[in-house]
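These protein sequence lines are chains A and B, in that order. For what it's worth, our numbering labels the leading residue of the first sequence as 1, then goes sequentially. For what it's worth, our numbering labels the leading residue of the second sequence as 1, then goes sequentially. We put the beta carbon where it would ideally sit given N, CA and C, even for glycine. Predicted model only: the values in this text are computed from it and were never measured.
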Amino acid sequence: MQTAIAPAPHTPAPGDHDYSVTGIDSRKLGMWGFLASECLFFGALISSHLLYRARAPQGVKVPHDVYDIPYTSVSSFVLLMSSLTMVLALAAIQRGDHHRLRIWLLATAFLGTLFVGGQVYEFTVFTHEGLNLSTSVAASSFFVLTGFHGVHVTVGILWLLSLAGISLRGKLPAENHLWVEIAGLYWHFVDVVWILIFTVVYLVPNKH
Amino acid sequence: MAEEEGGAVATEDPATPELEAAPGHDPLLHRGAEHSHPSPAKYVGIAILLAIITALEVGLYYINMPAPLLVGFLLILAFLKFTMVAAFFMHLKFDSPMLRRVFITGIILAGVVYTVALLTLRVLV
Chain A
1 MQTAIAPAPH TPAPGDHDYS VTGIDSRKLG MWGFLASECL FFGALISSHL
51 LYRARAPQGV KVPHDVYDIP YTSVSSFVLL MSSLTMVLAL AAIQRGDHHR
101 LRIWLLATAF LGTLFVGGQV YEFTVFTHEG LNLSTSVAAS SFFVLTGFHG
151 VHVTVGILWL LSLAGISLRG KLPAENHLWV EIAGLYWHFV DVVWILIFTV
201 VYLVPNKH
Chain B
1 MAEEEGGAVA TEDPATPELE AAPGHDPLLH RGAEHSHPSP AKYVGIAILL
51 AIITALEVGL YYINMPAPLL VGFLLILAFL KFTMVAAFFM HLKFDSPMLR
101 RVFITGIILA GVVYTVALLT LRVLV
């Protein structure tokens, strides 16, 4: 009588607990899955804004009436450059250069703070010009979209500052560069979302 | 870490050798996870290019041209910037194709769902 031989169960080797069956680190795969879901989240907010601003009744103030394009362009440039400092932080930890890692992490957090500060100032100016959360549905959708993006940037800043603190205490060895890489993925995603918001929401003319 | 042709810096994950030697692991699977990243000089070059494209976008905004043409140009430039950041800064160009598929699935799903919704509601036409 033949007996079926069951395949030997996989015994995890030391150090491979973070790897999925795809051979990719599960934390990295998880972050990419999260970012893919965020595309749908921001897609919903952007399309809602496009819908409401196109349907805004005549005479009602919409965000397009109060935009300051040169100001927002500078702010977009600041966020774009923070992606460069972020990727330089990753390159630094991969080289084992912890001093430069902290410099670039703090530079990224600083540029992010500058962007969020700029957004707060922009919101204040808009409010003084008579555009606030309850002015119109178009204004509400604008503040919700850009506000949620600002919250994402703020979370990113806190994450980067935590990494800089961990590194300062000597608890971020070069072999843990994946921690910085995952934080970087989140940061770059926040940047690419702003690339879309800046073009679609600010630069594309309103049909209204 | 070793300098490769074209200024690329190969990075090694210390966990990978253990994994390749581990029983039950297919070393071929892990090849997908290996990657070489551009050098810092290349990152700076990409950032300069991104800044130039942003300046071009803002410049186009102030040029008097038909709206459909302006929208077309702006969307192409935004797509270019998006792709450059995702490919080089997020390393999608160098990492496992599986990660690319995961992210592109999210983008396509979002793009199709919301484009159909906006077309249905006559916002885009």
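Assumed close pair residue i, residue j - CB separation to whole angstroms, cut-off 8 Å
{"i": "F123/A", "j": "P63/A", "result": "Incorrect: roughly 11 Å between the Cβ atoms, too far for contact."}
{"i": "L178/A", "j": "R27/A", "result": "7 Å"}
{"i": "T83/B", "j": "A36/A", "result": "Going by Cβ atoms, the distance from T83/B to A36/A rounds to 16 Å, so no, they are not a contact pair."}
Length of the line joining the Cα atoms of residue i and residue j
{"i": "V74/A", "j": "A86/B", "result": "21 Å"}
{"i": "V201/A", "j": "A78/B", "result": "12 Å"}
{"i": "V209/A", "j": "R101/B", "result": "The requested residue 209/A does not occur in the structure, where chain A is confined to residues 1 to 208."}
{"i": "F42/A", "j": "L145/A", "result": "8 Å"}
{"i": "M65/B", "j": "V58/B", "result": "13 Å"}
{"i": "D65/A", "j": "T54/B", "result": "22 Å"}
{"i": "P68/B", "j": "I157/A", "result": "37 Å"}
{"i": "K81/B", "j": "V193/A", "result": "11 Å"}
{"i": "P205/A", "j": "E175/A", "result": "48 Å"}
{"i": "D25/A", "j": "S36/B", "result": "16 Å"}
{"i": "L101/A", "j": "L131/A", "result": "41 Å"}
{"i": "E49/A", "j": "A51/B", "result": "In the sequence as presented, Glu is not what sits at residue 49/A; that position holds His. Cα-Cα distance, rounded: 26 Å."}
{"i": "I46/A", "j": "P97/B", "result": "28 Å"}
{"i": "I197/A", "j": "D95/B", "result": "27 Å"}
{"i": "L160/A", "j": "I76/B", "result": "31 Å"}
{"i": "G30/A", "j": "I63/B", "result": "43 Å"}
{"i": "P23/B", "j": "G33/A", "result": "Bear in mind that the predicted position of P23/B carries a pLDDT of just 43, short of 50, making it unreliable; the figure below should be weighed with that in mind. Spanning the two alpha carbons is a distance of roughly 28 Å."}
{"i": "L60/B", "j": "W104/A", "result": "32 Å"}
{"i": "I195/A", "j": "G117/A", "result": "18 Å"}
{"i": "W187/A", "j": "V120/A", "result": "19 Å"}
{"i": "F103/B", "j": "T120/B", "result": "26 Å"}
{"i": "L150/A", "j": "T113/A", "result": "It should be pointed out that residue 150/A corresponds to Gly in this sequence rather than to Leu. For G150/A and T113/A, the distance between alpha carbons rounds to 10 Å."}
{"i": "M81/A", "j": "A41/B", "result": "14 Å"}
{"i": "A44/A", "j": "R122/B", "result": "16 Å"}
{"i": "T199/A", "j": "L124/B", "result": "15 Å"}
{"i": "T72/A", "j": "I107/B", "result": "25 Å"}
Pick from the options that is closest to residue i, judged by C-alpha positions
{"i": "A70/A", "options": "I108/B, L56/B and Y114/B", "result": "Per the sequence shown, residue 70/A should be read as Pro rather than Ala. For P70/A, the nearest C-alpha among the options comes from L56/B."}
{"i": "G147/A", "options": "V190/A, L163/A and P173/A", "result": "V190/A"}
{"i": "S83/A", "options": "L161/A, N176/A and G184/A", "result": "G184/A"}
{"i": "S39/B", "options": "L121/B, Y61/B and F89/B", "result": "F89/B"}
{"i": "T154/A", "options": "S26/A, A36/A, G23/A and T108/A", "result": "T108/A"}
{"i": "L92/B", "options": "E181/A, T199/A and L45/A", "result": "E181/A"}
{"i": "F77/A", "options": "H149/A, F115/A and H128/A", "result": "F115/A"}
{"i": "H128/A", "options": "H188/A, L203/A, Y67/A and Y52/A", "result": "Y67/A"}
{"i": "L99/B", "options": "G23/A, T199/A, I197/A and L196/A", "result": "G23/A"}
{"i": "L109/B", "options": "L111/A, W159/A, G150/A and L40/A", "result": "L40/A"}
{"i": "S209/A", "options": "E38/A, F198/A, M31/A and L51/A", "result": "An answer regarding residue 209/A cannot be provided, because it is not within the stretch 1 to 208 covered by chain A."}
{"i": "E38/A", "options": "V125/A, H152/A, L106/A and R53/A", "result": "H152/A"}
{"i": "L118/B", "options": "R53/A, I103/A, L161/A and V120/A", "result": "R53/A"}
{"i": "L79/A", "options": "L111/A, W104/A and L106/A", "result": "L111/A"}
{"i": "L172/A", "options": "L29/A, W187/A, G30/A and H98/A", "result": "H98/A"}
{"i": "K215/A", "options": "T72/A, I103/A and F126/A", "result": "No answer is possible for residue 215/A: the residues shown for chain A start at 1 and end at 208."}
{"i": "S162/A", "options": "M81/A, F34/A and L106/A", "result": "L106/A"}
Does the region 38-58 of chain B come close enough to the region 83-93 of chain A to have 3 or more Cβ pairs within less than 8 Å? Yes: at least three Cβ pairs fall under 8 Å.
Evaluate contact between the region 154-174 of chain A and the region 91-102 of chain A, counting only Cβ atoms and requiring at least three cross-stretch pairs below 8 Å. In this structure the region 154-174 of chain A touches the region 91-102 of chain A; the number of beta carbon pairs closer than 8 Å is three or more.
Residues in the region 60-78 of chain A having any Cβ partner in chain B nearer than 7 Å: Against chain B - using a Cβ distance shorter than 7 Å - the residues of the region 60-78 of chain A are I69, S73, S76 and F77.
Contact set between the region 82-94 of chain A and chain B, restricted to residues whose Cβ is under 7 Å from the partner: Across the region 82-94 of chain A, CB contacts with chain B closer than 7 Å involve S83, L84, V87, L88, A91 and Q94, in sequence order along the chain.
The region 61-73 of chain B contacting the region 109-122 of chain B, beta-carbon criterion three pairs below 8 Å: No contact exists between the region 61-73 of chain B and the region 109-122 of chain B.
Segment contact, 8 Å Cβ cut-off, at least three pairs: the region 127-136 of chain A with the region 52-67 of chain A: Yes, they touch.
According to a CB-to-CB cut-off of less than 9 Å, which residues of the region 35-47 of chain B neighbour chain A? Near chain A, meaning a CB-to-CB distance below 9 Å, the residues of the region 35-47 of chain B are H37, P38, S39, P40, Y43, V44, I46 and A47.
Could you run through the region 124-152 of chain A and flag, in chain order, every residue whose CB is less than 7 Å away from some CB of chain B? Residues: none.
Near-chain A residues of the region 64-82 of chain B - C-beta to any C-beta below 8 Å: From the region 64-82 of chain B, only A67, L70, V71, L74, L75, L77, A78, K81 and F82 have a Cβ closer than 8 Å to chain A.
Mind listing which residues of the region 105-121 of chain A have their C-beta closer than 8 Å to chain B's C-betas, in chain order? Taking 8 Å as the Cβ-Cβ cut-off against chain B, none of the residues of the region 105-121 of chain A qualify.
Any C-beta of chain B within less than 7 Å: which residues of the region 184-196 of chain A qualify? Under the 7 Å Cβ criterion, the region 184-196 of chain A contributes L185, H188, D191, V192, I195 and L196.
Chain B contacts made by the region 34-47 of chain A, where a contact means CB separation under 9 Å: From the region 34-47 of chain A, only L35, A36, S37, E38, C39, L40, F41, F42, G43, A44, I46 and S47 have a Cβ closer than 9 Å to chain B.
Residues of the region 90-105 of chain B with Cβ closer than 7 Å to any Cβ of chain A, in chain order: Per Cβ criterion, the list reads M90, S96, M98, L99, V102, F103 and T105.
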